[in-house]
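Counted from 1, the sequence shown has number 75 at position 75 by the numbering used here; the numbering is strictly sequential.
For reference, the structure is listed below as structure tokens.
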Amino acid sequence: MNEWNFIKVPLGDKSYLQDVLVFLFRMKEGLLMVDAGLNTDHSFMVISEGVERLGYKLSDIKSLILTHYHLDHCGISLRLKKLLSIPVYLHEKDRKIFQFFKENIERYPEKTWEFFRSYGVQEDILSFITNELQKYKKLLLGPTDTLNINDGDLFEIESGFLRIIHTPGHSPGHISIFYPEKRILFGGDLILKDELPHAGIYPHTVQYNPIKDYLESLEKIKKLKPEIIIPSHGEPILDPLKRIEEVISFIKQKIDEVYDIIKKGPVDLSHVCEKAFRRCEKSLSCFFFLSLSLSYVRYLIEEGLAEEIKKGDLILFKST
Ligand SMILES: [Zn+2]
Ligand SMILES: [Zn+2]
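Okay, here's the thing in structure tokens:
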């Protein structure tokens, strides 16, 4: 195996993305793994076979870094941690989300229902979303006894070192990994080649301003001047600065669009979602677009351009 390699782990029907990349780096002794697939037997098998194809055994994995808490990146880490007794590193903000899931998993679909209901989302759509979430409950769980990683932390590998870059936005504790010798950024889900960025607000991330974080993270990785970005899904980004600028301008344009929608308010969250992204319907993707719409509204509120108003039990938005 070269100094680093990856295994493509399929996501089946659990994501609109086809697969997630699990990275392996050669250390002086054994392997450092970055991310793990879904918590399924199939992911476990694909990872085990992938490691063997690269000439190693599963027991050669000596530590595991998780880029963020999402189920396609963390699931199997529970099993690997138990099986191999290895340290698992995760940013504290995402570790707290696993703690939240651990304490609230049975009530999570219900909490989601209550959360979006307070923003006026229709009950039939919410019932559909919460029924779907019931199927994901087990997959959402991840390790809560992880070791913290922070911006600037270094991990030694055989051919140099990897630097942790805290890049919140897609998740509060999202990290990217920079390999300075080759100027490669392993970007996790911060920036993908063909997909638009996702930075939603959910019942477990209510206190954050993901769009503000996202823009700051993009500026931060721009300063690193990576020559290539290798995301966790899809193809590598061979012209990183161009793609970063594209995503920044997409986000800024969306902020303006959402502001224009709110200026005609008071409006509810479903209205913002329909005008800025897509009509709310009975689909799980609607859950993600509602949460994304809420992030844009939050950004405008924190910038002093919009505010929440109460209409009975429901929250509406208007410009200030
Ligand atoms: Zn993700
Ligand atoms: Zn992902």
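Glycine residues also receive a C-beta, built at the ideal position from the N, C-alpha and C atoms.
Worksheet entry | Local Cβ density within 10 Å of M1, reported as buried at 16 or more and exposed below that | Mapped onto the sequence shown, residue 1 falls at position 1. Classification of M1: exposed, given that the 10 Å Cβ count is below 16.
Worksheet item: If you count every other CB in all the chains shown that lies within 10 Å of the CB of Y16, and 16 or more means buried, which is it?
Response: What you label residue 16 is simply residue 16 of the sequence shown in a count that begins at 1. Y16 should be labelled exposed.
Worksheet item: Taking the alpha carbon of H170 as the point to measure from, which residue in E181, E158, G188, P180 has its own alpha carbon closest?
Response: As a position in the sequence shown, residue 170 is number 170, starting the count at 1. The option with the nearest alpha carbon to H170 is G188.
Worksheet item: beta strand (DSSP E) containing H204: first to last residue?
Response: For the purposes of this step, residue 204 is taken as the residue at position 204 of the sequence shown. Note, H204: premise wrong, no beta strand (DSSP E); not H, not E.
Discussion item. Please list the terminal residues of the continuous alpha helix (DSSP H) segment that includes Y108.
Written reply: Locating residue 108 in the sequence shown gives position 108, where the first residue counts as 1. From DSSP, the alpha helix (DSSP H) with Y108 extends over 108-117.
Worksheet item: Do I76 and G50 have their CB atoms nearer than 8 Å?
Response: Locating residue 76 in the sequence shown gives position 76, counting from the first residue. Locating residue 50 in the sequence shown gives position 50, counting from the first residue. Inclusion of I76 and G50 in the CB contact set at 8 Å is not warranted, their separation being larger than that value.
Practice prompt. Starting from N209, follow its DSSP beta bridges and name the residues at the other end.
Written response: Within the sequence shown, the letter at position 209 stands for residue 209. In the DSSP assignment, N209 is bridged to no other residue.
Discussion item. Here's a check: name, in chain order, each residue in its chain whose Cβ is nearer than 8 Å to the Cβ of D313, leaving out the five neighbours to either side.
Written reply: Indexing the sequence shown from 1 puts residue 313 at position 313. So the list reads S118, once near-sequence residues are dropped.
Fill in: Rounded straight-line distance, which links the Cα of K264 to that of E195
Within the sequence shown, the letter at position 195 stands for residue 195. Within the sequence shown, the letter at position 264 stands for residue 264. Between E195 and K264, the C-alpha separation is close to 29 Å.
Fill in: heavy atom of ligand 2 below 7 Å from V20 C-beta
Here residue 20 refers to the residue found at position 20 of the sequence shown. Under cutoff, so the answer is yes.
Worksheet entry | C-alpha distance - I237 paired with S127, whole-angstrom precision | As a first step, residue 237 must be located in the sequence shown, where it is residue number 237. As a first step, residue 127 must be located in the sequence shown, where it is residue number 127. Going by C-alpha positions, I237 is about 38 Å away from S127.
Worksheet entry | the segment 263-278 in contact with the segment 240-253 per 3-pair CB rule at 8 Å | no
Practice prompt. Tell me where the beta strand (DSSP E) around H271 begins and ends.
Written response: Taking the first residue of the sequence shown as 1, we reach residue 271 at position 271. Counting along the chain, H271 falls outside any beta strand (DSSP E), though it belongs to the alpha helix (DSSP H) covering 269-276.
Fill in: Residue environment, M33, which counts as buried when at least 16 other CB atoms sit within 10 Å
By 1-based counting over the sequence shown, the position of residue 33 is 33. When all chains shown are included, M33 counts as buried.
Worksheet entry | Neighbour-count burial assignment, P210, 16 or more Cβ in a 10 Å radius | Position 210 of the sequence shown holds residue 210. When all chains shown are included, P210 counts as buried.
Worksheet item: On the three-pair Cβ rule with 8 Å, is the segment 88-105 touching the segment 44-59?
Response: Contact between the segment 88-105 and the segment 44-59 is absent, because fewer than three Cβ pairs lie under 8 Å.
Worksheet item: Taking the beta strand (DSSP E) that N5 falls in, what are its first and last residues?
Response: Working through the sequence shown from its first residue, we reach residue 5 at position 5. Run containing N5: 4-10, per the beta strand (DSSP E) assignment.
Worksheet item: What's the C-alpha gap between H166 and T67?
Response: Locating residue 166 in the sequence shown gives position 166, counting from the first residue. Locating residue 67 in the sequence shown gives position 67, counting from the first residue. Roughly 9 Å separates the two Cα atoms.
Worksheet item: Is the segment 77-92 in contact with the segment 136-144, if contact means three or more CB pairs nearer than 8 Å?
Response: With a cut-off of 8 Å, the segment 136-144 and the segment 77-92 count as touching, because enough Cβ pairs lie within range.
Worksheet item: Should the segment 276-293 be regarded as contacting the segment 197-206, the criterion being three or more beta carbon pairs within less than 8 Å?
Response: yes
Fill in: Of the listed residues M27, E106, S48, nearest to L83 (C-alpha basis)
Position 83 of the sequence shown, counting from 1, holds the residue named residue 83. Answer by Cα proximity: S48.
Practice prompt. For G152, count neighbouring Cβ atoms within 10 angstroms of its own Cβ and tell me buried if that reaches 16, exposed if not.
Written response: On the sequence shown, residue 152 is found 152 positions in, with the first residue counted as 1. It is exposed - the Cβ of G152 has fewer than 16 other Cβ atoms within 10 Å.
Worksheet item: Does the Cβ of H170 lie closer than 7 Å to at least one heavy atom of ligand 1?
Response: Here residue 170 is taken as the residue at index 170 of the sequence shown, counted from 1. Within the cutoff, so yes.
Worksheet item: From H42 to L11, what does the alpha carbon distance come to, in whole angstroms?
Response: By 1-based counting over the sequence shown, the position of residue 42 is 42. By 1-based counting over the sequence shown, the position of residue 11 is 11. The alpha-carbon atoms of H42 and L11 are separated by roughly 9 Å.
Item to complete: Figure out for me which residue from H73, S319, K193, G234 has the closest Cα to the Cα of Y296.
Response: The residue you call residue 296 lines up with position 296 of the sequence shown. For Y296, the nearest C-alpha among the options comes from S319.
Discussion item. Which residue marks the beginning of the beta strand (DSSP E) containing H174, and which one marks its end?
Written reply: Along the sequence shown, one-based indexing puts residue 174 at 174. First-last for H174: undefined, no H or E at that position.
Discussion item. Please identify the residue among S293, L185, T146 whose C-alpha is closest to the C-alpha of I244.
Written reply: Counting from one through the sequence shown, the residue named residue 244 turns up at place 244. The alpha carbon of I244 has as its nearest neighbour, out of S293, L185, T146, the alpha carbon of L185.
Worksheet item: Are the CB atoms of H73 and S217 nearer to each other than 8 Å?
Response: For the purposes of this step, residue 73 is taken as the residue at position 73 of the sequence shown. For the purposes of this step, residue 217 is taken as the residue at position 217 of the sequence shown. No, they are not a contact pair.
Fill in: Check your reading: residues with Cβ closer than 5 Å to ligand 1 heavy atoms
H70, D189
Worksheet item: From Y179, R298, E257, G173, pick the residue whose C-alpha is nearest to that of E227; which is it?
Response: Reading the sequence shown from its first residue, position 227 is the one you call residue 227. Looking at the Cα atoms, Y179 is the closest of the given residues.
Discussion item. Nearer than 7 Å: is that true of the beta carbon of S217 relative to any heavy atom of ligand 2?
Written reply: Against the sequence shown, residue 217 aligns to sequence position 217. For S217, the distance from the CB to the nearest heavy atom of ligand 2 is not below 7 Å.
Worksheet item: Cβ of S232 within 7 Å of any heavy atom in ligand 2?
Response: In the sequence shown, the residue the question calls residue 232 occupies position 232. Indeed, a heavy atom of ligand 2 lies less than 7 Å from the Cβ.
Worksheet item: Apart from the five residues just before and just after F44, which ones in its own chain have a Cβ nearer than 7 Å to its Cβ?
Response: Translated into positions along the sequence shown, residue 44 becomes position 44. The residues are I76, R79.
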